[in-house]
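> First the structure, which I've put down as structure tokens, then a few questions once you've had a look.
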Amino acid sequence: MSNFVIAQGIIVLIGVLVYSLFFRGKRALLPLPPGPKPLPILGNIRDGPPKGMPDFLHWLTFKDKYGPISSITVLGQTIVLIHDKDAAIELLEKKESLKTSGRPSYTFAQMCGYDRYLPQVQYNDDFRLKRKLLHQQIGTKVLASQYTDTQDVEVKRFLLRLLNEPGDLFNHVRAEAAAIILNVTYGYSIESHKPDALVKLIEEVTDHSSEASVPLKQIVDLIPPLRLLPDWFPGTGFKRIARDARAKLDASADVPFDFVKQQMATGTFQESFSSKLLKTLRNDANEIGPDIEDAIKWTAAIMFAGGSDTTVATIIAFVLAMIMNPDVQRKAQEEIDNVVGPDRLPSRADQENLPYVNAIVKESLRYFPVAPMGVPHMATEEVFFRGYRIPSGSYILPAAWWFLHDPETYANPAEFDPERFLEPRNEPDPDAVFGHGRRVCPGRFIAQESLYLTISQTLAAFNIGKAMEGGKPVEVECKHTLGIVDHPAKFQYSIVPRSEKYAELIRRVEVDHPWQSSGEALQGSAILDNFKAEHKA
6 MSNFVIAQGI IVLIGVLVYS LFFRGKRALL PLPPGPKPLP ILGNIRDGPP KGMPDFLHWL
66 TFKDKYGPIS SITVLGQTIV LIHDKDAAIE LLEKKESLKT SGRPSYTFAQ MCGYDRYLPQ
126 VQYNDDFRLK RKLLHQQIGT KVLASQYTDT QDVEVKRFLL RLLNEPGDLF NHVRAEAAAI
186 ILNVTYGYSI ESHKPDALVK LIEEVTDHSS EASVPLKQIV DLIPPLRLLP DWFPGTGFKR
246 IARDARAKLD ASADVPFDFV KQQMATGTFQ ESFSSKLLKT LRNDANEIGP DIEDAIKWTA
306 AIMFAGGSDT TVATIIAFVL AMIMNPDVQR KAQEEIDNVV GPDRLPSRAD QENLPYVNAI
366 VKESLRYFPV APMGVPHMAT EEVFFRGYRI PSGSYILPAA WWFLHDPETY ANPAEFDPER
426 FLEPRNEPDP DAVFGHGRRV CPGRFIAQES LYLTISQTLA AFNIGKAMEG GKPVEVECKH
486 TLGIVDHPAK FQYSIVPRSE KYAELIRRVE VDHPWQSSGE ALQGSAILDN FKAEHKA
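Sequence positions in the sequence shown follow my numbering and run 6 to 542.
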């Protein structure tokens with residue numbers, strides 16, 4: 006080797022060292038985003054949300070105290086709070102997105118098995134495969150539209166439940182969301198006039214997975230080695246809870262997926278997300294490899310968890326908004342009457358001619374975002390951003406509620422005002438509710454279609470108003486629940502059909518689409534059988 010080549014190598018090495026020591030070193034000295042002063046060792050353990058206060062309202066105070074990018078550190082775990090939509094887009098969707106598309110790894114959630122759900126899978130080959138499967142079936146408006154007829158039937162069945170039992174709105178909305186997702190995903194029809202055991206099981210799993218995903222809520226997330234303690238040790242009740250949750254999670258994925266395979270084997274299946282993937286992904290030997298089948302099963306499982314919360318919370322928020330804003334309801338009904346007429350209910354084909362109704366759908370999403378602090382991202386590498394250092398492993402929380410209530414973006418954000426999305430105002434669509442970058446909700450087109458059909462047909466068929474007590478109207482207000490997923494707190498209401506003609510239109514669904522429950526066709530499952538016994542479903 007010549008002296009010249011050696012000299013070149015030495016120069017390059019010196020250059021790398023100089024860069025590392027001076028330029029990289031200077032960036033490494035950048036501070037964390039500002040936040041409250043930490044305690045020694047424990048950090049900001051006292052600075053989390055106080056009991057009974059929604060997380061997003063607590064973190065909103067940090068914006069005023071520390072600016073649009075702030076942070077806390079608890080036992081060495083850094084949490085970065087983003088209260089600037091442009092910063093969130095830059096950090097999570099653009100240049101730095103490859104470094105910020107990870108997901109926090111919660112010990113308790115792993116013990117429960119929720120790390121198999123797509124929202125908690127790290128950005129790796131498994132994530133890309135499951136995301137690809139979703140995109141193949143529902144990744145565009147055109148693809149999602151193949152399920153519109155299924156959604157339309159289930160929306161009309163929701164209206165029928167509401168007509169027959171108007172006092173049970175909250176359960177009817179949950180049943181509608183479950184019916185749509187299970188039919189789209191598995192071709193499974195829920196019980197018509199009684200609780201469905203599979204729905205109850207999946208709802209319980211979904212609710213628990215949301216609780217398990219709240220950052221640092223469980224003691225074992227703060228001190229992971231606690232999972233190694235024996236079951237008899239005081240304070241390890243979380244281990245029993247995790248085992249029970251894991252068994253139910255497995256059943257919630259296995260039972261409906263086995264139902265699809267059983268129906269396909271007998272030729273009695275209904276086309277669905279799962280059946281289409283099982284047909285199209287067979288190899289040359291007409292078989293499906295176990296890895297692909299497992300990926301399909303867990304991709305299908307997340308359809309319910311990911312789709313039900315958004316639609317349930319948004320529909321309930323819509324009903325609340327109609328009670329509080331009767332003029333909005335009247336204007337929407339006038340539009341429907343003029344475009345659709347009194348002889349049928351709105352359909353997908355009417356959507357482009359119902360701009361005010363579409364604006365109500367958008368405003369319902371904006372007004373009450375289902376995940377007010379978004380779903381946490383995680384930095385998989387150290388990130389230097391706007392003069393701050395975000396360490397590898399940091400949790401990043403995009404404040405979706407603030408993005409959608411920032412008065413610089415949305416005029417009078419506390420008001421429910423669909424006009425904001427129409428000419429001449431044209432305020433931005435509430436896309437932040439569906440997440441950011443590589444983690445944007447893949448089922449958003451299915452959700453938007455369900456919301457349009459539900460909201461338009463409910464407005465056409467019913468008058469929504471205040472409940473009456475003692476001859477006086479009961480006032481309502483917008484109250485939040487606790488957790489990573491936010492639902493409007495329950496309220497009183499009145500829902501009555503606009504006319505007997507609309508009531509007859511609703512009742513026609515039983516003739517046009519007779520109910521056929523799939524429950525009897527489910528393969529036996531000890532978990533499901535026990536669940537039926539516990540809940541007497």
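Glycine included, each C-beta is placed from N, C-alpha and C at the ideal position.
What's the C-alpha gap between Ile46 and Asp52?
Approximately 14 angstroms between the Cα atoms of the pair.
> Alpha carbon to alpha carbon, how far is Pro59 from Glu95?
Those two C-alpha atoms are separated by around 27 angstroms.
> Report the three-state DSSP secondary structure of Leu26 (helix, strand or coil).
Low confidence applies to Leu26: its pLDDT is 42, below 50, so where it sits in the model is not reliable enough to give any reading.
> At 4 residues or longer, and completely inside the segment 427-467: list those alpha helix (DSSP H) runs for me, N to C.
List check, alpha helix (DSSP H) in window: 449-466.
> Measuring alpha carbon to alpha carbon, tell me which residue in Gly107, Tyr498, Pro54 and Arg353 is nearest Pro478.
Closest option to Pro478, Cα to Cα, is Tyr498.
> Taking the DSSP output, what are the residues bridged to Leu485?
The sequence as given places His at residue 485; Leu does not occur at that position. The partner list for His485 (beta bridge, DSSP) reads Pro493.
> So who's on the other strand from His4, going by DSSP bridges?
Look at the range of the chain in this structure, 6 to 542, and you will see that residue 4 is not part of it.
> Is Ser280 near the ligand NAP, in the sense that its beta carbon is under 6 angstroms from a heavy atom of that ligand?
Inclusion of the ligand NAP in the displayed structure is not the case, the ligand content being empty and no account of it being possible.
> Hey, Gly192 and Val265 are a contact pair by Cβ (cut 8 angstroms); roughly how many whole angstroms apart?
About 7 angstroms separates the two Cβ atoms, so the contact holds.
> DSSP has Leu402 in a bridge; who is on the other side?
According to DSSP, which records beta bridges pairwise, Leu402 is partnered with Leu86.
> If you follow the beta strand (DSSP E) that Ile228 is in, where does it begin and where does it stop?
Taken as a continuous stretch (DSSP letters only), Ile228 belongs to no beta strand (DSSP E), as it is neither H nor E.
> With DSSP collapsed to three states, give me the class of Ile46.
In the structure shown, Ile46 sits in coil (DSSP, three-state: anything other than H, G, I, E or B).
> Glu292: buried (16+ other C-beta within 10 angstroms of its C-beta) or exposed?
Exposed: under 16 other Cβ atoms inside 10 Å.
> Are at least three pairs of beta-carbons, each pair with one atom in the segment 457-467 and one in the segment 338-355, less than 8 angstroms apart?
A contact exists between the segment 457-467 and the segment 338-355.
> Sorted by chain position, which residues of the same chain lie with C-beta nearer than 7 angstroms to Gly144's C-beta, five sequence neighbours on each side aside?
Excluding positions up to five away in sequence, the list reads Pro447.
> Roughly how many angstroms separate the alpha carbons of Asn188 and Ser194, rounded to a whole number?
Using only the alpha carbons, I get a separation of about 6 angstroms.
> Do Arg121 and Trp303 count as a contact pair if the criterion is CB distance below 7 angstroms?
Going by C-beta atoms, Trp303 is nearer than 7 angstroms to Arg121.
> Give the secondary structure of Tyr191 by DSSP, where H, G and I count as helix, E and B as strand, and everything else as coil.
Residue state, collapsed to three classes: helix.
> Determine, using beta-carbon pairs with one atom in the segment 217-235 and one in the segment 258-273, whether at least three such pairs fall under 8 angstroms.
Contact between the segment 217-235 and the segment 258-273 is absent, because fewer than three Cβ pairs lie under 8 angstroms.
> Do the segment 154-161 and the segment 130-139 make contact, defined as three or more Cβ pairs closer than 8 angstroms?
Segments in contact, no.
> When the Cα atoms are used, what is the spatial distance from Thr211 to Leu139?
So the alpha carbons of these two residues sit roughly 19 angstroms apart.
> Below 8 angstroms, how does it come out for the segment 269-276 and the segment 415-427: are there three or more Cβ pairs, yes or no?
With the cut-off at 8 angstroms, the segment 269-276 and the segment 415-427 do not touch.
> Restricting to Cα atoms, I'd like to know which of Val445, Ile460, Lys471 and Glu432 is closest to Phe163.
That would be Ile460, whose Cα lies nearest to the Cα of Phe163.
> Among Pro396, Tyr111, Glu432 and Lys104, which one has its Cα closest to the Cα of Ala247?
Among Pro396, Tyr111, Glu432 and Lys104, the Cα nearest to that of Ala247 belongs to Tyr111.
> Fully enclosed by the segment 256-323, which alpha helix (DSSP H) runs are 4 residues long or longer?
Qualifying alpha helix (DSSP H) stretches, in chain order: 278-285.
> Could you tell me how far apart the beta carbons of Lys367 and Phe439 are, in whole angstroms, since I believe they sit closer than 8 angstroms?
That pair is no contact at about 12 angstroms.
> Unbroken alpha helix (DSSP H) runs of length 4 or more, entirely within the segment 94-152: which are they?
List check, alpha helix (DSSP H) in window: 112-117, 130-143 and 146-149.
> Could you give the residue range of the beta strand (DSSP E) that holds Val204?
Unbroken run through Val204 is the alpha helix (DSSP H), Ala202 to Ala217; no beta strand (DSSP E).
> Could you give the distance in angstroms between the alpha-carbon of Arg29 and the alpha-carbon of Leu103?
Reliability fails at Arg29, whose pLDDT of 48 lies under 50, so the model's placement of it is uncertain and the value that follows must be treated cautiously. If you take the alpha carbons of Arg29 and Leu103, they lie about 20 angstroms apart.
> Which residue marks the beginning of the alpha helix (DSSP H) containing Thr66, and which one marks its end?
First-last of the alpha helix (DSSP H) with Thr66: Asp60 to Tyr71.
> What is the DSSP secondary structure of Gly470, counted as helix, strand or coil?
Strand at Gly470.
> Inspect the CB distances between the segment 378-394 and the segment 358-366 and report whether three or more fall short of 8 angstroms.
The segment 378-394 is not in contact with the segment 358-366.
> Drop a sphere of 10 angstroms on the beta-carbon of Phe373, count the other beta-carbons inside from all chains shown, and report buried for 16 or more, exposed for fewer.
Per the 10 Å Cβ criterion, buried.
> Mind reading off the beta-carbon distance from Glu454 to Ala149? Whole number of angstroms is fine, and I expect it under 8 angstroms.
At roughly 6 angstroms, the Cβ-Cβ gap stays under 8 angstroms, so Glu454 and Ala149 are in contact.
> Kindly identify the DSSP beta-bridge partner or partners of Thr385.
None, per the DSSP bridge assignment.
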